[in-house]
Every structure is written in structure tokens, then in C-alpha cells.
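I have placed the structure first, in the form of C-alpha cells, so that the comments after it can refer back to it.
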Amino acid sequence: MYNLPPWLCMKQKYMMLFVLISSPKQPENDIDVYLSPLIEDLKLLWDNGIEVYDEFRDENFTVKAMLYGIINDFPTYRNLSGYSIKGHCACPICQEKIDYVRLDHCHKNVFMGHRRWLSKNHPFRKMKKAFNGSCEERRCPYLKRGEEIFDEVKHIRTTFEKLFAKQISTCDWYIIKHCGKKEDDINARLDLVKLGIRFDLAPVKKGKRTFLSPTACTLLDMRNMLYTIHLVEETKLCGPAYMQWMYPVERYMKILKGYVKNRSRPEICIAKRYLVEEAVKFCNEYLSNVESCGIPKSRHTGKTLGEGSSGCQQIEVPRLHWEQAHLYVLQNTPKIEPYISLHKETLKRRNPSRCENWITKEHNQRFLGWLQEYVGEQLKQNNNSVAEMIQWLSKGPCIDAFSYTSYLVNGFTFYTKQHDDQSTMQNSGVTLVAESLHISNAKDKNPIYANMSYFGVNEHIWELDYTNFRVAIFGCKWVDNNSGVRIDDMGFIRVDFKKVDYQDDSFILASQARQVFYVEDPVNKSWSIVLMSNKINAFTDGELTEEEVNMENDPLRSVKHMSIVDTLTDDEDIYARHNHEEGIWLNPSFHSIKGHRKLKMTSSDNMDGSTPHQSTEANKKGRGITKFKSISKSRKLGQKLQVGWNGKGQLIDPNRSKFAHFIGFVTRSTVPISYSDWTNVPTNVKEHIWEQVEQTFEVDDVHKDFVLFLAGRDLCAFQTRLRKHIYDKDRNYVPHPPDKYQRFITITDH
Numbered sequence: 001m002y003n004l005p006p007w008l009c010m011k012q013k014y015m016m017l018f019v020l021i022s023s024p025k026q027p028e029n030d031i032d033v034y035l036s037p038l039i040e041d042l043k044l045l046w047d048n049g050i051e052v053y054d055e056f057r058d059e060n061f062t063v064k065a066m067l068y069g070i071i072n073d074f075p076t077y078r079n080l081s082g083y084s085i086k087g088h089c090a091c092p093i094c095q096e097k098i099d100y101v102r103l104d105h106c107h108k109n110v111f112m113g114h115r116r117w118l119s120k121n122h123p124f125r126k127m128k129k130a131f132n133g134s135c136e137e138r139r140c141p142y143l144k145r146g147e148e149i150f151d152e153v154k155h156i157r158t159t160f161e162k163l164f165a166k167q168i169s170t171c172d173w174y175i176i177k178h179c180g181k182k183e184d185d186i187n188a189r190l191d192l193v194k195l196g197i198r199f200d201l202a203p204v205k206k207g208k209r210t211f212l213s214p215t216a217c218t219l220l221d222m223r224n225m226l227y228t229i230h231l232v233e234e235t236k237l238c239g240p241a242y243m244q245w246m247y248p249v250e251r252y253m254k255i256l257k258g259y260v261k262n263r264s265r266p267e268i269c270i271a272k273r274y275l276v277e278e279a280v281k282f283c284n285e286y287l288s289n290v291e292s293c294g295i296p297k298s299r300h301t302g303k304t305l306g307e308g309s310s311g312c313q314q315i316e317v318p319r320l321h322w323e324q325a326h327l328y329v330l331q332n333t334p335k336i337e338p339y340i341s342l343h344k345e346t347l348k349r350r351n352p353s354r355c356e357n358w359i360t361k362e363h364n365q366r367f368l369g370w371l372q373e374y375v376g377e378q379l380k381q382n383n384n385s386v387a388e389m390i391q392w393l394s395k396g397p398c399i400d401a402f403s404y405t406s407y408l409v410n411g412f413t414f415y416t417k418q419h420d421d422q423s424t425m426q427n428s429g430v431t432l433v434a435e436s437l438h439i440s441n442a443k444d445k446n447p448i449y450a451n452m453s454y455f456g457v458n459e460h461i462w463e464l465d466y467t468n469f470r471v472a473i474f475g476c477k478w479v480d481n482n483s484g485v486r487i488d489d490m491g492f493i494r495v496d497f498k499k500v501d502y503q504d505d506s507f508i509l510a511s512q513a514r515q516v517f518y519v520e521d522p523v524n525k526s527w528s529i530v531l532m533s534n535k536i537n538a539f540t541d542g543e544l545t546e547e548e549v550n551m552e553n554d555p556l557r558s559v560k561h562m563s564i565v566d567t568l569t570d571d572e573d574i575y576a577r578h579n580h581e582e583g584i585w586l587n588p589s590f591h592s593i594k595g596h597r598k599l600k601m602t603s604s605d606n607m608d609g610s611t612p613h614q615s616t617e618a619n620k621k622g623r624g625i626t627k628f629k630s631i632s633k634s635r636k637l638g639q640k641l642q643v644g645w646n647g648k649g650q651l652i653d654p655n656r657s658k659f660a661h662f663i664g665f666v667t668r669s670t671v672p673i674s675y676s677d678w679t680n681v682p683t684n685v686k687e688h689i690w691e692q693v694e695q696t697f698e699v700d701d702v703h704k705d706f707v708l709f710l711a712g713r714d715l716c717a718f719q720t721r722l723r724k725h726i727y728d729k730d731r732n733y734v735p736h737p738p739d740k741y742q743r744f745i746t747i748t749d750h
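Per the UniProt record's numbering, the very first residue in the sequence shown carries number 1; after that it's consecutive.
Below is the structure:
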């Protein structure tokens with residue numbers, strides 16, 4: 001008996017297994033003998049109750065209980081209910097209304113009336129070839145109520161003794177799915193021929209062997225799937241299916257089977273191993289950072305704090321996007337708020353006649369440079385006056401960021417739009433409630449700040465690297481709230497993705513994002529209906545948050561059914577495969593031998609007549625940008641790389657090459673090229689280079705001068721390469737420099 005929530009009661013840790021063995025044979029119909037004491041106890045618990053002691057309140061009270069449900073397999077259903085699950089009327093729900101056919105070759109009963117439970121206009125009802133060769137016009141059988149069932153069984157005489165029962169032959173119970181049969185052999189194919197259906201699957205004799213053409217028995221397509229008829233009804237009445245059936249217990253049998261090492265004493269092996277495991281699990285409760293062997297790891301681990309799940313790669317962020325993302329991170333960091341207020345007050349004091357709108361725009365354009373200079377001046381006066389986090393934020397993130405195609409955060413799984421288009425699920429919808437500046441018109445000098453909901457799709461998932469920490473951001477395409485968002489008469493929010501805006505403010509923090517789904521309006525294809533999403537409940541305390549409780553009032557949740565069946569015609573042979581010729585060959589003894597798939601190369605595979613070895617110099621791939629993937633992976637795991645030094649203070653293996661290349665990379669990304677010489681570079685910039693190296697490699701302070709010497713040498717070499725690429729041989733300025741140097745160049749009109 002369990003008094004646990006559904007997601008815990010069938011876990012291995014809380015599973016209790018009692019074995020009743022009366023003799024070499026199973027109890028079968030005598031199960032009522034074993035259940036009679038339990039029934040008496042249940043009656044006592046429900047009618048009178050039992051007095052128990054409450055240790056917390058130090059008092060006695062009467063507890064009453066009821067039997068909510070039982071967990072059993074289908075054969076036990078027969079013993080407990082008294083209804084036979086064998087023969088022609090094997091379904092205890094349909095009973096005499098069941099539709100069965102006897103197969104002569106397989107010697108089995110099959111039940112083919114499952115289409116009666118489909119909706120009245122379902123396309124499967126009119127299809128003949130895919131099923132039993134006829135249309136289905138009948139209605140779903142009426143399910144009997146409890147009163148009706150009681151009227152049928154109230155006159156049955158119950159005698160608590162061993163009665164004589166005639167033994168009958170066992171009939172296996174199978175349900176034919178529309179895609180084919182459970183067992184695909186020669187007898188099954190002959191039965192199809194006798195029924196007059198699916199002639200394409202008839203066995204073909206070729207010499208001494210018989211060929212069975214391929215079928216669509218594997219559930220590869222959604223249209224090949226048809227769930228068990230009564231499973232939906234049972235789930236509505238009794239809750240989760242795994243609470244009513246033996247699936248978890250049957251999986252647990254595999255674990256118990258692994259306990260047996262001495263086959264002559266299986267019960268002793270299981271008991272001893274079970275006792276040892278219980279002792280180990282009991283000890284684990286008192287040990288920290290030890291994983292329990294009873295409850296597996298939750299598949300939702302990491303979806304709350306945030307982590308990338310797929311498609312990780314290192315990219316170079318465009319300068320404009322880099323500035324927008326960095327600015328948004330600063331404006332949404334509480335420790336930076338005093339600096340934001342100070343900068344705005346400085347702008348207002350210097351420009352007293354300017355309006356609030358102008359101050360906001362000027363602040364967004366100049367705040368990044370102002371913060372770096374202001375923090376640098378404070379560090380010159382007092383090295384400990386600024387927090388370490390603010391120092392890293394003021395210097396900005398690395399120009400290279402980590403890009404993902406999917407990200408787990410806040411209990412949601414987010415995809416990029418590109419990855420979403422290749423998936424069967426929609427996970428790129430994003431919504432955000434943010435404070436924004438509202439302006440009535442161009443002449444409005446007193447705008448106001450107010451909260452507003454924004455809707456968009458996720459286009460970029462980046463992790464900005466601030467050396468000492470990382471910040472996850474989403475780059476989204478937002479719908480214009482003025483012309484692209486509406487609320488209809490039914491209260492549904494509708495958006496038009498053809499009307500986008502806010503390109504200069506497209507980034508948000510991943511921790512701020514909430515997931516939504518967009519359903520295309522069938523009347524107007526340009527509009528989509530917004531459907532809010534629930535967070536993933538990790539079942540830590542079993543309580544819903546206020547946000548999740550409010551989701552119960554979502555009007556879209558009143559939709560009961562959604563068709564997932566493609567438009568099919570009766571001409572389609574969905575029961576057979578036509579994309580290859582792989583089948584089953586049967587020798588005279590009917591042993592199955594799988595055929596081999598042959599790969600043929602047609603002339604269309606090589607239309608241009610070229611060979612795979614032919615290549616041109618223009619298509620030859622050159623060296624790409626250094627990514628330092630191994631270094632980035634180590635920093636993500638919080639590990640530092642080892643560096644070797646000899647007695648003369650020179651670099652040696654391991655990681656000698658990585659160390660030297662990383663210094664050059666950091667120098668090129670940090671030092672502005674406006675400095676003509678390394679000696680003119682400010683001290684705070686040099687300190688920033690040293691801090692990044694110190695965060696990545698295990699180096700001592702005695703090597704600081706050598707690291708800065710390498711940085712100065714790399715800066716000189718980098719400037720030489722720039723002159724070579726930006727100027728031609730006659731020392732003339734190239735009007736269109738390479739894209740990778742655009743972030744260093746500022747064009748000023750005179």
C-alpha cells in the first residue's frame with residue numbers, strides 16, 4: 001500500500017514486492033483466499049478506523065483509509081474481476097459487443113473493430129485497404145455504468161470453496177493494428193489472403209523458397225500509430241496508466257533477475273542482495289554528495305539554472321551585436337544601477353535643455369566607454385574600491401562567444417528558429433515582460449516608463465564570456481507591439497511576424513525568458529495565436545507555483561482534441577513499404593533469412609562527370625579563425641591548463657603552443673590598435689590581459705613580466721599584419737577593409 005505521489009510510488013526506492021507462494025503452482029483463481037484478510041482490514045479501516053498515535057502533537061487520533069486503486073497485469077485482471085479474458089469475448093469493457101475474427105492458420109482470435117472509437121468524420125473510418133477491407137459506420141459501444149454492471153452480477157452465487165472447472169485451451173489475445181500484425185510470419189500472411197485484404201503482402205513462392213514482402217510494422221510515421229483503445233478512457237477515470245498497470249514492476253523484475261548469481265538458490269540471492277542494497281541506500285541518506293541508487297537522476301536537471309544542451313560552437317560576434325548585448329547585460333545587472341544613474345545625471349547636468357528621450361539615446365551610445373573609463377579611474381585611486389564583478393563587467397566580454405542551438409533554463413527548453421525549423425517540436429517562441437520608455441509622439445518631452453509584454457522568436461543563443469563568469473543571452477526577433485499585436489474578442493493574443501521592430505534592442509537575458517507557442521490562425525494565415533507554456537515541474541515539493549496555477553485558466557486549454565492525422569486516401573498502401581525491396585526469405589523449413597539491401601549508384605549521382613578527387617584552387621579552404629575550443633571547454637568546467645617552465649624561465653610542454661597563441665588572441669581582442677607602441681598601452685589594459693591569462697592557465701606572479709613581453713610582441717606583429725592588409729603597395733588606404741577588422745575601425749565625417 002502506498003501513500004505517495006504518482007511520480008514517486010513506482011520508483012525503485014519506494015517499491016515493495018511481496019511474493020506469496022503456496023505451492024509449485026500459482027494461486028490463480030484462489031487469489032481470493034489471499035485477499036480475504038486484506039479485505040477485512042480494509043473494511044475495518046473504512047468503517048471504524050484505527051486509533052494511532054501522533055508523535056508531533058502527542059495525542060491519539062482515529063485514522064480512516066480507503067483503497068484507491070490496485071496495480072496488476074492483464075491476466076490478474078481476470079482473477080480479480082471474475083471476467084474471463086480468454087476466448088471470443090476477451091475484452092472486459094466491450095464484453096459481448098466485441099468484434100472478433102478467428103484465424104485458421106494462426107489459431108488465434110483477433111479483434112478488428114477498433115475504428116469504432118474514432119470520431120465520426122475520421123478518415124480512417126472510410127479506408128478499406130488499410131484495414132479489414134470494409135468501411136466502418138458503426139458507433140462506439142456504450143460503456144456500462146456501475147449500476148448496470150451490478151445488476152448483471154448481483155445474482156451470481158459466490159461460494160468460498162474449491163469448485164470444479166473444466167479446463168479449456170488457452171487463446172492468445174492480440175489486437176490487430178492497422179499497420180499489420182504482431183507476428184509477421186507465413187501463417188499471418190496466409191490469413192490475410194483468406195480474409196481478402198492486403199494482397200500486396202501475400203507470400204510469393206520463388207523456387208524452393210517463399211518471399212514475404214516488406215511491411216510497415218515499425219512505427220516510423222505518425223499515421224502508423226494507433227494507441228490502445230481503452231487506454232485514454234482509463235487514464236481519464238483512474239489517472240496515470242503506470243499507476244494502474246504492471247509496467248514499473250515488470251521492469252523491476254529485470255533488476256531482481258540480475259541479483260541471482262547462484263541459480264540453485266535464486267530466492268536467497270534476491271533476499272541477500274536486496275538487504276545489502278537497502279543498507280547502502282540507508283547509509284547514503286546520511287552522506288552528502290552521494291548519489292542514491294534508488295531514485296534515478298531527474299531528466300530536468302539543469303533546466304532551472306541554465307545550460308546549453310546542443311549545437312555548441314565558438315563564434316565571433318559582430319561588433320554591433322556585441323555592443324547591444326553587452327549594454328543589455330549592464331542595464332539588467334543590479335550592481336551597475338548606481339553607475340547608470342550617475343551617468344544619466346551627468347548627461348542631464350551637461351545638457352539641461354535636452355529631453356528625456358535624448359538623454360536615454362545618448363546614454364545608450366556612450367555608457368559602455370564611460371563605464372570603462374570611470375572604473376579605470378577608480379582603480380587608479382584605490383585598487384580595492386571596485387568589486388571584482390564590476391571590474392570584469394566594465395571591461396566587457398570577449399569578442400568570441402559560445403553559440404548554442406538549444407538551451408535549458410527556467411524549466412523551459414529553448415531552440416533557435418533555425419533549429420526549430422528542422423525539428424518536429426516548436427521551442428523558439430519567447431515572451432518577456434519588460435519596462436520600456438513610452439512616447440506618445442515625436443514631440444513628447446515627458447515620456448513614461450511602464451511594463452509591457454513582448455512576443456518574438458529566438459534567433460541566437462549566446463553565452464558571453466566575461467573571463468571570470470558567463471552570461472547567457474537570447475537574440476530575438478520581436479513583433480511590433482503597435483501594429484503586430486492584437487487581442488481579439490475571445491481574449492486571445494494574436495501576433496503578426498511580418499511586422500517586426502526593436503532591431504536595436506533585440507537581446508534579453510536567458511533567465512528572463514518565458515516560453516510561448518504560436519498556432520497559425522486558420523482564417524488569416526498571417527496571424528498567429530499565442531499559447532502560453534507551463535514550466536517543467538521537477539517534482540521537488542509537489543506544489544505548483546502561482547504562475548503555473550494561473551495557467552489553468554488559459555482558454556486554449558479547453559480544446560479537447562487536436563487532429564494529428566495527415567490527409568490520407570484509401571489508395572495509399574500504408575501497410576506496405578515501397579521505398580526498398582528488403583523482405584524476408586523463407587527456406588523450405590521456414591527459417592527467416594533477412595535479405596540484403598543493395599546500394600546502386602545511378603547516373604544522377606554524378607551529373608557533372610567530375611571525379612571526387614577533382615578540385616580547384618578557388619574552392620580550396622583556407623585556415624580559419626583560431627577558436628581555442630579545448631581552452632574554452634576547460635574554462636567552462638572551471639579547470640586551468642598546466643604550463644611547463646625550464647630552469648631559465650622559458651616555456652616548455654605541456655601546452656606551450658596553446659599558451660603562446662592564447663596570449664596573442666587576448667592581446668588582439670583587448671588592446672585598441674590606436675596605440676602605436678606597447679609602452680603607451682595603459683596599465684589597466686595590461687592588467688586585464690594578465691588576469692585573463694591567470695584565469696586560464698596555472699601561472700605564478702614571477703611570470704607576469706614574461707607574459708606581458710609576449711603580449712607586446714604579438715601586438716606589434718598584429719599591427720604589421722593590419723598595415724599589410726589595409727594599405728596597398730603604394731601606401732594608399734583601402735576603402736573596403738576585411739570584415740574581421742571592422743570592429744577596430746571608426747569612420748568620422750569631417
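Beta carbons are placed, not taken as given, at the ideal position from N, Cα and C, and that holds for glycine.
Rounded to the nearest angstrom, how far is the Cβ of residue i from that of residue j, given a contact under 8 Å?
| i | j | result |
| --- | --- | --- |
| F507 | Q692 | Not confirmed; about 23 Å, so no contact. |
| S453 | V479 | That pair is no contact at about 11 Å. |
| A510 | A472 | 4 Å |
| K126 | S134 | In fact, because the Cβ distance is near 10 Å, the residues do not count as touching under 8 Å. |
| I85 | N132 | Actually they do not touch by this definition, with Cβ atoms about 23 Å apart. |
| F412 | Q515 | 4 Å |
What does the Cβ neighbour count give for residue i, buried or exposed, with the cut at 16 atoms within 10 Å?
| i | result |
| --- | --- |
| K205 | exposed |
| Y286 | exposed |
| S341 | exposed |
| F150 | exposed |
| L8 | exposed |
| D191 | buried |
| E267 | exposed |
| S81 | exposed |
| N524 | exposed |
| W358 | exposed |
| A130 | buried |
| N382 | exposed |
| residue 765 | Residue 765 cannot be examined here, being either before or after the span of the chain that is shown, 1 to 750. |
| K395 | buried |
| W46 | exposed |
| F282 | exposed |
| G484 | buried |
| H155 | exposed |
| C179 | Legend: pLDDT at C179 = 40, less than 50; position of this residue unreliable, value from coordinates given subsequently. With 16 or more other Cβ atoms within 10 Å, it is buried. |
Measuring CB to CB, does residue i end up less than 8 Å from residue j?
| i | j | result |
| --- | --- | --- |
| residue 769 | K335 | Outside the displayed range of the chain (1 to 750) lies residue 769, so it cannot be described from this structure. |
| F455 | V530 | yes |
| R494 | D521 | yes |
| Y404 | G308 | yes |
| I663 | V707 | yes |
| M187 | H105 | Looking at the sequence provided, one finds Asn at residue 187 rather than Met. Cβ atoms of N187 and H105: closer than 8 Å. |
| W117 | C140 | yes |
| L330 | L371 | yes |
| E51 | T62 | yes |
| C716 | W690 | no |
| G306 | L408 | yes |
| D505 | S526 | no |
To which residues does DSSP link residue i through a beta bridge?
| i | result |
| --- | --- |
| R102 | N109 |
| E435 | N451 |
| S406 | S310, Y415 |
| M532 | V516 |
| L641 | F697 |
| D54 | E59 |
| H335 | For clarity, residue 335 is Lys in the given sequence; the question names His instead. For K335, which the question treats as bridged, DSSP gives no partner whatsoever. |
Open item on the list: Contact between the region 658 to 678 and the region 697 to 712 is defined here as three or more beta-carbon pairs at a separation below 8 Å; is this criterion met?
Closed with: Because the criterion of three Cβ pairs below 8 Å is met, the region 658 to 678 and the region 697 to 712 touch.
Open item on the list: I'd like to know if the region 696 to 704 and the region 644 to 661 are in contact, where contact means that at least 3 CB-CB pairs between them fall below 8 Å.
Closed with: Yes: the two stretches touch, three or more of their Cβ pairs being nearer than 8 Å.
Open item on the list: Can you confirm whether the region 416 to 434 touches the region 390 to 399 when touching is taken to mean that 3 or more C-beta pairs between the two stretches lie within less than 8 Å?
Closed with: The region 390 to 399, when compared against the region 416 to 434, does not touch it at the 8 Å Cβ threshold.
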